[in-house]
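Trainee: Chains as they are written, first to last, in the numbering used here: chain A, 9 to 248; chain B, 57 to 319; chain C, 16 to 425.
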Amino acid sequence: MIEIEDVKKSFGDLNVLKGMSLTVPKGQATGIVGPNGAGKTTLIKTILGLVKSDSGLIKVNGEPLDNDGRYRKDIGYMPQVARYPENMKVYELFEFIKGLRDQEPVYEQELIDQFTLRPELEKSLRNLSGGNRQKVGATLAMMFNPDLLFFDEPTAGLDPRSSHKFKKRVEMEKENRKTVIITSHIMSELEQLVDHVVFILDGRIRYYGSMENLLQESNETRLEAAIASMMDDDPQEVAA
Amino acid sequence: MSLLMHIIKNEWKSLLRGKWVIGYGLIFLILTDTLLRFGGGGAETLLSLSNVMLLFVPLVGMIYGILYIYQSREFVELLLTQPINRRVLYWGLFLGISTPLMAAFIVGSMLPLGWHGILMIDGMASAMVLGLGGVLTLIFAALGFVFGLMFYEDKIKGFGFTIVVWLFLAILYDGLVLMLVFLFGNYPLENFVIAVSMLNPIDLARIMVMLEFDVSALMGYTGAVFNRFFGTTLGITTASVMLLVWLAVPTWIGLNVFRKKDF
Amino acid sequence: MIKVVFTFLLLLSAQSVMAQIIVSPDGGIRSIKEAVELAEPGAHIQVQPGTYVEHNIGIDKPLTLEGIDYPVIDGNNEGYILVINSDSVTVKGFEIKRTGRSYVRDYAAIMIEGAKDFIIEDNRLEDVFFGIYLAQTERGVVRNNRVEAFDTREASSGNGIHLWDVKNPQIIENEVLGMRDGIYLEFVDNAEIYGNISNDNNRYGLHYMFSDGGRYYDNIFRRNGAGVAVMYSDNVDMMNNLFEHNWGTAAYGLLLKDINYSKIEGNRFYRNTVAIYSEGTNEVHIHANDIELNGWAVNIKSNSARNRFTENNFIENSFDVRTDSPRNNNEFVGNYWSQYEGYDLDRDGIGDVPYRPVSLFSMVITKQPESLILLRSMFIKLLDTAERIAPVLTPKTLYDEQPKMDRIRR
Numbered sequence: 009m010i011e012i013e014d015v016k017k018s019f020g021d022l023n024v025l026k027g028m029s030l031t032v033p034k035g036q037a038t039g040i041v042g043p044n045g046a047g048k049t050t051l052i053k054t055i056l057g058l059v060k061s062d063s064g065l066i067k068v069n070g071e072p073l074d075n076d077g078r079y080r081k082d083i084g085y086m087p088q089v090a091r092y093p094e095n096m097k098v099y100e101l102f103e104f105i106k107g108l109r110d111q112e113p114v115y116e117q118e119l120i121d122q123f124t125l126r127p128e129l130e131k132s133l134r135n136l137s138g139g140n141r142q143k144v145g146a147t148l149a150m151m152f153n154p155d156l157l158f159f160d161e162p163t164a165g166l167d168p169r170s171s172h173k174f175k176k177r178v179e180m181e182k183e184n185r186k187t188v189i190i191t192s193h194i195m196s197e198l199e200q201l202v203d204h205v206v207f208i209l210d211g212r213i214r215y216y217g218s219m220e221n222l223l224q225e226s227n228e229t230r231l232e233a234a235i236a237s238m239m240d241d242d243p244q245e246v247a248a
Numbered sequence: 057m058s059l060l061m062h063i064i065k066n067e068w069k070s071l072l073r074g075k076w077v078i079g080y081g082l083i084f085l086i087l088t089d090t091l092l093r094f095g096g097g098g099a100e101t102l103l104s105l106s107n108v109m110l111l112f113v114p115l116v117g118m119i120y121g122i123l124y125i126y127q128s129r130e131f132v133e134l135l136l137t138q139p140i141n142r143r144v145l146y147w148g149l150f151l152g153i154s155t156p157l158m159a160a161f162i163v164g165s166m167l168p169l170g171w172h173g174i175l176m177i178d179g180m181a182s183a184m185v186l187g188l189g190g191v192l193t194l195i196f197a198a199l200g201f202v203f204g205l206m207f208y209e210d211k212i213k214g215f216g217f218t219i220v221v222w223l224f225l226a227i228l229y230d231g232l233v234l235m236l237v238f239l240f241g242n243y244p245l246e247n248f249v250i251a252v253s254m255l256n257p258i259d260l261a262r263i264m265v266m267l268e269f270d271v272s273a274l275m276g277y278t279g280a281v282f283n284r285f286f287g288t289t290l291g292i293t294t295a296s297v298m299l300l301v302w303l304a305v306p307t308w309i310g311l312n313v314f315r316k317k318d319f
Numbered sequence: 016m017i018k019v020v021f022t023f024l025l026l027l028s029a030q031s032v033m034a035q036i037i038v039s040p041d042g043g044i045r046s047i048k049e050a051v052e053l054a055e056p057g058a059h060i061q062v063q064p065g066t067y068v069e070h071n072i073g074i075d076k077p078l079t080l081e082g083i084d085y086p087v088i089d090g091n092n093e094g095y096i097l098v099i100n101s102d103s104v105t106v107k108g109f110e111i112k113r114t115g116r117s118y119v120r121d122y123a124a125i126m127i128e129g130a131k132d133f134i135i136e137d138n139r140l141e142d143v144f145f146g147i148y149l150a151q152t153e154r155g156v157v158r159n160n161r162v163e164a165f166d167t168r169e170a171s172s173g174n175g176i177h178l179w180d181v182k183n184p185q186i187i188e189n190e191v192l193g194m195r196d197g198i199y200l201e202f203v204d205n206a207e208i209y210g211n212i213s214n215d216n217n218r219y220g221l222h223y224m225f226s227d228g229g230r231y232y233d234n235i236f237r238r239n240g241a242g243v244a245v246m247y248s249d250n251v252d253m254m255n256n257l258f259e260h261n262w263g264t265a266a267y268g269l270l271l272k273d274i275n276y277s278k279i280e281g282n283r284f285y286r287n288t289v290a291i292y293s294e295g296t297n298e299v300h301i302h303a304n305d306i307e308l309n310g311w312a313v314n315i316k317s318n319s320a321r322n323r324f325t326e327n328n329f330i331e332n333s334f335d336v337r338t339d340s341p342r343n344n345n346e347f348v349g350n351y352w353s354q355y356e357g358y359d360l361d362r363d364g365i366g367d368v369p370y371r372p373v374s375l376f377s378m379v380i381t382k383q384p385e386s387l388i389l390l391r392s393m394f395i396k397l398l399d400t401a402e403r404i405a406p407v408l409t410p411k412t413l414y415d416e417q418p419k420m421d422r423i424r425r
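(1) Can you tell me whether glutamate 259 of chain C is buried or exposed? The criterion is at least 16 other CB atoms within 10 Å of its CB, across all chains shown.
(2) So which residues of chain B does glutamate 402 of chain C contact, with C-beta pairs closer than 8 Å?
(3) Please give the ranges of any beta strand (DSSP E) in the segment 190-226 of chain C, keeping only runs that are unbroken, at least 3 residues long and fully inside the region.
(4) Cα separation between glutamate 93 of chain C and valine 87 of chain C?
(5) What residues in its chain sit with their C-beta under 8 Å from that of histidine 300 of chain C, if we drop five residues either side in the sequence?
(6) Would glutamate 100 of chain B count as contacting chain C if we go by Cβ distances under 8 Å?
(7) Using the DSSP secondary-structure output, state which residues sit across from asparagine 297 of chain C in a beta bridge.
(8) Nearest-angstrom Cα distance between glutamate 197 of chain A and aspartate 203 of chain A?
(9) Considering only their Cβ atoms, is the gap separating asparagine 239 of chain C from asparagine 214 of chain C smaller than 8 Å?
(10) Would you decide whether alanine 54 of chain C is buried or exposed? Buried here means 16 or more other CB atoms lie within 10 Å of its CB.
(11) Determine the DSSP secondary structure at glycine 94 of chain C, reduced to helix, strand or coil.
(12) Along the segment 218-231 of chain B, what residues have a CB closer than 9 Å to any CB found in chain C?
(13) With respect to the beta strand (DSSP E) encompassing arginine 284 of chain B, which residues constitute its N-terminal and C-terminal limits?
(14) In this structure, does DSSP put isoleucine 105 of chain A in helix, strand or coil?
(15) Quick check: what's the CA-CA separation for glycine 189 of chain B versus threonine 187 of chain A?
(16) When burial is assigned at 16 or more other CB atoms within 10 Å of the CB, is tyrosine 118 of chain C buried or exposed?
(17) How would you list, in chain order, the residues of chain B whose beta-carbon sits under 7 Å from the beta-carbon of aspartate 76 of chain A?
(18) Among the residues of its own chain, which have a CB less than 7 Å from the CB of glutamine 138 of chain B, if the five just before and after it don't count?
(19) Anyone know if the C-beta pair for alanine 226 of chain B and isoleucine 258 of chain B falls short of 8 Å?
(20) Let me confirm a value: lysine 316 of chain B is counted as buried when at least 16 other C-beta atoms fall within 10 Å, else exposed. Which label applies?
(21) Note down, in chain order, every chain B residue with its Cβ under 8 Å from the Cβ of leucine 58 of chain A.
(22) So with CB distances below 8 Å, who are the chain B contacts of leucine 53 of chain C?
(23) Could you say which of C/Gly82, C/Asn332, C/Pro369 lies nearest to valine 313 of chain C if we only look at CA atoms?
(24) So with Cβ pairs under 8 Å, would you call methionine 96 of chain A a contact of chain B?
(25) Report all residues from its chain with a CB closer than 7 Å to the CB of serine 237 of chain A; omit the five preceding and five following residues, and keep chain order.
(26) Whole angstroms are fine: how far does the CA of glutamate 246 of chain B sit from the CA of valine 368 of chain C?
(27) Going by C-alpha distance, which of A/Gly84, A/Tyr85, A/Val89 is nearest glutamate 130 of chain B?
(28) Got a sec, what are the start and stop residues for the beta strand (DSSP E) tyrosine 79 of chain A sits in?
(29) Pull up the DSSP beta-bridge partners for methionine 253 of chain C, would you.
(30) Bridge partners of threonine 307 of chain B, per DSSP?
(31) Using the rule of at least 16 other Cβ atoms within 10 Å of the residue's Cβ for burial, across every protein chain shown, is leucine 72 of chain B buried or exposed?
(32) Along the chain, where does the beta strand (DSSP E) containing tryptophan 68 of chain B start, and where does it finish?
(33) Just the C-alpha distance for lysine 106 of chain A and histidine 62 of chain B, rounded to the nearest angstrom, thanks.
(34) With 8 Å set as the bound, which would you pick, yes or no: does the beta-carbon of serine 70 of chain B sit closer than that to a beta-carbon of chain A?
(35) Among B/Val221, B/Val220, B/Asn256, B/Thr88, whose alpha-carbon lies nearest the alpha-carbon of leucine 299 of chain B?
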């Protein structure tokens with residue numbers, strides 16, 4: 009469960025998060041959408057501890073964020089751009105992260121097989137294709153069976169087959185009552201994966217509710233169109 | 057602690073694989089060996105080596121530090137999302153990358169000094185030059201880290217700043233000191249020039265080299281302050297302490313920037 | 016005839032047995048002074064181990080005074096100890112200590128005055144004002160003695176081996192430590208000084224004044240307050256000596272003042288503040304020396320001319336040459352300079368561009384001594400290199416046209 013109360017963050021003169029409040033209950037799959045520069049990435053980075061908020065409160069599973077980052081034991085994160093030390097081998101990366109987290113992996117072998125990474129294990133990360141690197145990132149995010157999963161544009165570099173496998177895996181995680189948070193530009197993908205939507209515009213949450221509600225309210229059948237109509241309602245904000 | 061070692065070891069492993077740290081060590085190995093073969097005796101070689109060391113170790117250290125930050129951005133960010141303390145991660149990364157560079161310099165230069173017998177003859181002087189190179193590596197790698205974190209988004213600016221800082225500390229600074237000495241030549245300046253030299257780690261290292269090789273010249277100077285400073289253990293003690301301060305300050309600044317930074 | 020010869024030999028040996036006098040603390044003769052008074056000329060006095068508290072022992076006849084297992088003669092801080100006025104005296108094997116001290120008289124442990132052909136050897140002198148004092152002597156040998164006194168005040172210490180108005184002395188393999196001057200020569204002709212060690216003296220390890228035609232070689236002069244000074248003398252050969260660790264604002268490996276027609280060859284100068292300082296020195300040939308890690312290798316004043324520096328190794332001196340003259344009256348040819356940055360395209364071992372041993376920085380520090388702290392800095396190196404390429408402030412004619420590319424092996 010994630011609780012966010014009136015979180016603000018500015019970089020210099022730029023107010024990126026203008027007081028956000030949000031509660032994501034356990035077991036909910038949530039998509040974060042919004043135009044570029046709206047604050048999606050900053051929001052996620054703030055929850056992950058990469059960015060420190062200026063004010064407000066963030067709790068993960070009831071505990072406020074701490075400097076030791078112990079709360080991140082419950083978090084798996086798959087970054088948008090996966091770049092690793094070039095001459096490190098895939099299995100070494102797994103070993104390194106295992107040591108770092110001081111946790112025993114639950115799904116390591118399963119995920120390796122699922123994403124057909126086994127033939128890649130002995131390869132250096134420099135020799136991996138972009139897609140395979142994404143799969144390594146997904147494996148790292150999920151192998152410790154954390155309660156919370158963050159996926160940042162997860163399928164951007166994946167081929168259709170892997171993308172499909174990834175989505176099936178996320179479905180499974182949802183069934184296991186994991187809290188899943190996904191940012192994506194691909195609305196159709198979000199439609200498949202999430203049941204709640206957070207729409208962020210210019211540092212504020214414009215909409216937070218279930219996907220069904222959103223479609224109903226906006227009288228649209230597709231998420232993309234619903235979002236687009238919401239942005240049309242607020243032209244000044246977008247321009248700003 | 058074991059977590060720290062885990063991070064350090066991982067960096068070591070991947071640096072050794074990267075081979076260019078080994079190449080860096082080899083450069084010093086070949087350089088020192090060549091100097092010894094064609095340049096004559098121990099003092100001559102050690103002085104040439106220290107000249108190269110004073111000029112290039114700071115540059116390489118800084119470039120190396122900043123390059124690491126720039127090249128490993130995404131990886132560092134991934135590590136930051138793991139359940140570990142930033143302080144531990146900082147020390148792990150810093151020590152993990154700076155110690156192999158330091159070791160490359162020390163081992164690379166030491167081996168030829170060993171097999172040409174200089175370590176036995178000029179043990180103290182060798183240890184001094186190697187040690188100073190090692191400390192300078194750490195100081196400037198830390199500075200590179202700091203600049204990398206400061207100019208996180210703008211690599212061109214970061215590299216530019218690094219080069220300017222290097223030019224300033226390695227060359228221009230002493231020009232300014234000389235200028236001040238001539239401008240205020242009528243005043244007693246000994247304490248002033250000692251103090252000013254202490255503010256530049258390259259000068260500090262150079263003064264320690266001087267204390268080893270040029271005491272005879274320094275003793276020819278008539279000023280009482282210089283004679284006391286260079287003629288007793290006061291000089292070497294003060295310089296060593298200041299060098300440690302120089303080691304502590306950039307690493308500490310780096311740590312604080314790293315801890316507070318938004319990635 | 017045979018009988019006569021035999022009787023003569025017998026007499027001779029009987030006489031020599033008779034001439035042997037034994038001094039011992041518990042024997043018939045208990046003092047050296049007494050033994051000397053009793054002795055016939057040519058006597059051999061043997062002194063048994065023990066301590067003899069005596070001073071002003073005058074020796075006025077030729078004899079041999081020999082100590083067995085280093086008996087101690089203790090002067091009890093009064094006057095001279097041994098005073099030799101006769102020719103052909105040998106003093107050997109004593110430990111002599113505690114002379115008197117005076118601001119008026121040069122109390123010495125062994126004073127030889129107006130004598131010829133003496134031998135002073137294997138003695139150990141400790142806590143003495145002057146050690147061995149030769150005045151108006153000829154052909155004496157001072158060999159393998161050790162003189163040691165540690166009084167750090169220059170005024171209250173005397174010289175280890177002091178020679179005044181002496182002809183043809185030989186000073187061989189002595190060790191002098193902690194005196195004022197280790198070996199001092201004034202008006203000495205043709206001295207032969209070799210194999211000595213003269214360390215930690217308050218002033219000079221060796222001090223030549225008005226002494227022509229001598230030579231000193233294979234000596235070691237180390238950590239002396241002011242190094243070695245050779246002054247007002249001609250035709251002195253200085254060879255294969257080691258001058259090292261002479262530090263201080265007025266310390267020199269070798270100080271030359273008013274020296275003519277002399278030779279400095281094969282010496283090693285190591286870590287002195289100034290290796291060779293030259294003032295009013297002419298026609299001296301400085302050849303094949305190793306001059307390493309000194310503050311200034313050569314400081315040559317403008318009143319020095321026609322001196323030649325050839326085939327020396329100048330290795331990592333903080334400064335190679337310093338001079339107060341804008342012109343060059345001396346010659347530097349075929350030396351090795353470790354700071355030479357030139358090249359040798361024709362591969363003949365000689366650099367193709369001349370080396371200018373006077374650096375700009377050496378002139379800078381003359382003007383602004385505090386800038387010494389910038390020694391070996393990159394900025395200074397750049398300045399020096401620029402000045403060497405196009406000299407403006409440094410003497411234009413002072414250069415070595417044939418700098419060696421490699422250290423000269425010997």
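Backbone N, C-alpha and C define an ideal beta-carbon position, used for all residues, glycine too.
Mentor: Judging by the given coordinates:
(1) For the purposes of this step, residue 259 of chain C is identified with residue 244 of the third sequence, where counting begins at 1. Its Cβ being crowded by 16 or more others within 10 Å, glutamate 259 of chain C is buried.
(2) One-based indexing of the third sequence puts residue 402 of chain C at position 387. What glutamate 402 of chain C touches in chain B: nothing, since even the nearest Cβ is about 14 Å away.
(3) 190-192, 198-204, 207-209, 212-214, 219-224
(4) One-based indexing of the third sequence puts residue 93 of chain C at position 78. One-based indexing of the third sequence puts residue 87 of chain C at position 72. Approximately 15 Å between the Cα atoms of the pair.
(5) Here residue 300 of chain C refers to the residue found at position 285 of the third sequence. The answer, listed in chain order, is Ser277, Lys278, Ile279, Glu280, Asn322, Arg323, Thr325.
(6) For this step, residue 100 of chain B is matched to residue 44 along the second sequence. At least one chain C Cβ lies under 8 Å of glutamate 100 of chain B.
(7) Residue 297 of chain C sits at position 282 when you count from the first residue of the third sequence. Answer by DSSP bridge pairing, in chain order: C/Asn275, C/Ala320.
(8) Within the first sequence, residue 197 of chain A is the residue found at index 189, counting from 1. Within the first sequence, residue 203 of chain A is the residue found at index 195, counting from 1. Rounded to whole angstroms, glutamate 197 of chain A to aspartate 203 of chain A spans 12 Å at the Cα level.
(9) Position 199 of the third sequence, counting from 1, holds the residue named residue 214 of chain C. Position 224 of the third sequence, counting from 1, holds the residue named residue 239 of chain C. In this structure, asparagine 239 of chain C lies closer than 8 Å to asparagine 214 of chain C by Cβ.
(10) As a position in the third sequence, residue 54 of chain C is number 39, starting the count at 1. By the neighbour-count rule (16 or more Cβ atoms within 10 Å), alanine 54 of chain C is buried.
(11) In the third sequence, counting from the first residue as 1, residue 94 of chain C sits at position 79. Note: glycine 94 of chain C maps to coil in three-state DSSP.
(12) Ala226, Ile227, Leu228, Tyr229, Asp230, Gly231
(13) Reading the second sequence from its first residue, position 228 is the one you call residue 284 of chain B. Per DSSP, arginine 284 of chain B belongs to no beta strand (DSSP E); it is in the alpha helix (DSSP H), 280-287.
(14) Against the first sequence, residue 105 of chain A aligns to sequence position 97. DSSP places isoleucine 105 of chain A in helix when its eight states are reduced to three.
(15) Translated into positions along the second sequence, residue 189 of chain B becomes position 133. Translated into positions along the first sequence, residue 187 of chain A becomes position 179. Those two C-alpha atoms are separated by around 52 Å.
(16) Locating residue 118 of chain C in the third sequence gives position 103, where the first residue counts as 1. By the neighbour-count rule (16 or more Cβ atoms within 10 Å), tyrosine 118 of chain C is not buried but exposed.
(17) Within the first sequence, residue 76 of chain A is the residue found at index 68, counting from 1. Near aspartate 76 of chain A (Cβ distances below 7 Å), the residues of chain B are Asn141.
(18) Against the second sequence, residue 138 of chain B aligns to sequence position 82. Excluding sequence neighbours, glutamine 138 of chain B sits near nothing in its chain.
(19) Sequence index remark: in the second sequence, residue 226 of chain B carries index 170 (1-based). Sequence index remark: in the second sequence, residue 258 of chain B carries index 202 (1-based). Result yes, Cβ atoms of alanine 226 of chain B and isoleucine 258 of chain B sit closer than 8 Å.
(20) Numbered from 1 along the second sequence, position 260 holds the residue referred to as residue 316 of chain B. Classification of lysine 316 of chain B: exposed, given that the 10 Å Cβ count is below 16.
(21) Locating residue 58 of chain A in the first sequence gives position 50, counting from the first residue. Within chain B, the residues near leucine 58 of chain A are Glu133, Leu136, Thr137, Asp318, Phe319.
(22) Along the third sequence, one-based indexing puts residue 53 of chain C at 38. Residues of chain B passing the Cβ test: none, with the nearest at roughly 56 Å.
(23) Translated into the one-based positions of the third sequence, residue 313 of chain C becomes position 298. Residue C/Asn332 is the option with its Cα nearest to valine 313 of chain C.
(24) For the purposes of this step, residue 96 of chain A is taken as residue 88 along the first sequence, with counting starting at 1. Interface residue, yes.
(25) For this step, residue 237 of chain A is matched to residue 229 along the first sequence. So the list reads Ser226, Glu228, once near-sequence residues are dropped.
(26) One-based indexing of the third sequence puts residue 368 of chain C at position 353. One-based indexing of the second sequence puts residue 246 of chain B at position 190. Their backbone Cα atoms lie some 38 Å apart in a straight line.
(27) The residue you call residue 130 of chain B lines up with position 74 of the second sequence. If we check each option's Cα against that of glutamate 130 of chain B, A/Val89 comes out closest.
(28) On the first sequence, residue 79 of chain A is found 71 positions in, with the first residue counted as 1. Careful: tyrosine 79 of chain A lies outside any beta strand (DSSP E) and carries neither H nor E.
(29) As a working note, residue 253 of chain C is residue 238 in the third sequence. Answer is C/Tyr231, C/Ile279.
(30) The residue labelled residue 307 of chain B in the question sits at position 251 within the second sequence. Answer by DSSP bridge pairing: none, since threonine 307 of chain B is not bridged.
(31) Counted from its first residue, the second sequence places residue 72 of chain B at position 16. Flag for leucine 72 of chain B reads exposed.
(32) Locating residue 68 of chain B in the second sequence gives position 12, where the first residue counts as 1. No beta strand (DSSP E) contains tryptophan 68 of chain B, which is instead part of the alpha helix (DSSP H) from 58-74.
(33) For this step, residue 106 of chain A is matched to residue 98 along the first sequence. For this step, residue 62 of chain B is matched to residue 6 along the second sequence. C-alpha separation (whole angstroms): 10 Å.
(34) Here the question's residue 70 of chain B lines up with position 14 in the second sequence. Interface residue, yes.
(35) If you number the second sequence from 1, residue 299 of chain B lands on position 243. Of B/Val221, B/Val220, B/Asn256, B/Thr88, the residue nearest in Cα terms is B/Asn256.
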